[in-house]
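K.L.:
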Amino acid sequence: MQTKLQWDQRVLEPIFKELYSLETKDKKDYIPLMYNVSNSTKDRESYEGIGAEGLMEEWSRSNNQVYYEDIDELWQKSIRNRKYSDGRMIERDFIDDLQLTQIKTRIMGLADAVYKTQQLQAVEFLNNAFVPQGANFRGRVEAFLGPDGKPLCAADHPYSPKNETDVQSNLGDKPLTLDAWDETAVAMQEWKDDKGNPLAVIPDTLIVSPYNARAAFKIAGLPDAELPKYEPGSNHFDANMYMGNIKVIVNPFILPSQRKNWFAADSARMKRFNQWQWRRKPENGSVTDFDTEVTKFKVVGRWGYGFTNYSFIYGHNVQD
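Take 463 as the starting number for the sequence shown in our numbering and just add one per residue.
Quick look at the structure:
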């Protein structure tokens with residue numbers, strides 16, 4: 463870099479791109495752990511809410527022919543792809559004087575900003591799980607209601623647009639313990655679909671901030687560790703039925719103000735109902751200004767994200 467660095471667009475851009483790439487390659491991406499990640503081809507994507515498929519019918523009770531179930535429509539969700547950008551300016555003097563640390567710091571700082579932007583966006587559904595509106599990744603207030611008009615975690619989710627009388631809850635307020643997980647898992651498995659049949663939810667994922675990491679791994683066990691499978695705190699060597707069967711996601715981007723909160727999730731349903739769509743993945747590039755002798759390195763992208771149904775998660779809003 464010292465021998466090749468010069469004020470030439472053809473030289474600078476590959477170096478900037480390499481510095482950017484080096485900063486991003488080893489950062490942990492939490493988005494694929496919590497979202498169905500797909501590519502988008504439009505300004506916005508619409509997700510149709512489809513009701514329960516029902517159950518099979520006995521042949522003799524369907525007039526000895528195939529029984530076709532009526533499927534109701536649920537709420538529709540539209541997710542718009544927004545455009546985001548960030549950039550850094552590097553003066554020619556930095557290049558001429560080989561101020562390599564300054565150059566590296568600015569480019570790698572840009573890469574870090576892009577990474578943190580996406581990770582903070584990815585936990586907005588957790589940071590605002592209990593409120594109708596709250597702060598987004600920039601601290602600006604936005605609405606975070608789900609398609610059914612309720613926060614992601616609420617005590618009164620209606621069964622369907624046609625049946626708003628019957629409701630069910632995915633909201634709790636208990637600190638994370640084995641008993642609390644047990645109670646939550648049972649509650650999720652008792653959820654019903656819009657036809658009143660079991661929803662068949664399988665809570666297999668525990669999402670926490672670093673504050674609750676220790677409690678979470680006491681319940682779930684450490685990955686790939688050969689440990690006695692006893693209940694945490696048990697003096698009777700009671701078997702922990704959950705150890706080895708629960709995946710823990712410790713997400714450091716959950717806000718400190720939400721650090722005691724925790725979430726039980728069905729990973730398969732989470733990938734079905736939590737959407738992250740790429741319209742244009744972040745692209746970087748540079749341009750040199752003739753008059754100011756400043757080279758500009760930018761990152762621009764378009765994407766959208768959001769949940770289309772609450773029934774993949776149960777959240778506990780734990781107050782001090």
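Think of the CB as a built atom: it goes at the ideal place given N, C-alpha and C, for glycine as much as any other residue. Note that this is a predicted model, so its numbers are computed, not measured.
Determine the extent of the beta strand (DSSP E) in which Glu507 is found, giving its start and end residues.
P.N.:
Along the sequence shown, one-based indexing puts residue 507 at 45. 506 to 509 is the extent of the beta strand (DSSP E) around Glu507.
K.L.:
May I ask which residues mark the beginning and end of the beta strand (DSSP E) holding Arg542?
P.N.:
Reading the sequence shown from its first residue, position 80 is the one you call residue 542. It spans 539 to 542 - the beta strand (DSSP E) in which Arg542 sits, taken as one unbroken run.
K.L.:
Ends of the alpha helix (DSSP H) at Arg600?
P.N.:
In the sequence shown, counting from the first residue as 1, residue 600 sits at position 138. Taken as a continuous stretch (DSSP letters only), Arg600 belongs to no alpha helix (DSSP H), as it is neither H nor E.
K.L.:
May I ask which residues mark the beginning and end of the beta strand (DSSP E) holding Ala726?
P.N.:
Here the question's residue 726 lines up with position 264 in the sequence shown. Segment 724 to 727, the beta strand (DSSP E) holding Ala726.
K.L.:
Report all residues from its chain with a CB closer than 8 Å to the CB of Glu626; omit the five preceding and five following residues, and keep chain order.
P.N.:
Within the sequence shown, the letter at position 164 stands for residue 626. The residues are Pro620.
K.L.:
So, Glu535 versus Gly571, is the Cβ gap smaller than 9 Å?
P.N.:
The residue labelled residue 535 in the question sits at position 73 within the sequence shown. The residue labelled residue 571 in the question sits at position 109 within the sequence shown. Contact: no.
K.L.:
Note down the Cα distance separating Phe735 from Tyr497, rounded to an integer number of angstroms.
P.N.:
Indexing the sequence shown from 1 puts residue 735 at position 273. Indexing the sequence shown from 1 puts residue 497 at position 35. Cα to Cα, Phe735 sits roughly 8 Å from Tyr497.
K.L.:
Please go through the segment 552 to 581 and give each complete alpha helix (DSSP H) segment of 4 or more residues, from N-terminal end onward.
P.N.:
As far as the segment 552 to 581 is concerned, its whole alpha helix (DSSP H) runs of at least 4 residues are 554 to 558.
K.L.:
Does the Cβ of Gln781 have 16 or more other Cβ atoms within 10 Å, making it buried, or fewer, making it exposed?
P.N.:
The residue you call residue 781 lines up with position 319 of the sequence shown. Gln781 should be labelled exposed.
K.L.:
From this set, Ser773, Ser508, Glu475, which residue's C-alpha is nearest Ile569's C-alpha?
P.N.:
Counting from 1 along the sequence shown, the entry for residue 569 is found at position 107. Answer by Cα proximity: Glu475.
K.L.:
Is Glu510 near the ligand MG, with its Cβ less than 8 Å from a heavy atom?
P.N.:
This structure lacks the ligand MG; in fact it carries no ligand of any kind.
K.L.:
How far does the alpha helix (DSSP H) with Arg676 in it reach, from first residue to last?
P.N.:
In the sequence shown, counting from the first residue as 1, residue 676 sits at position 214. Looking at the DSSP string, the run of the alpha helix (DSSP H) that includes Arg676 is 675 to 682.
K.L.:
Exposed or buried, Arg550, counting other C-beta atoms within 10 Å across all chains shown (16 or more means buried)?
P.N.:
Against the sequence shown, residue 550 aligns to sequence position 88. Buried, by the Cβ-count rule.
K.L.:
The beta strand (DSSP E) spanning Phe759 covers which residue range?
P.N.:
Here the question's residue 759 lines up with position 297 in the sequence shown. Unbroken beta strand (DSSP E) run through Phe759: 756 to 769.
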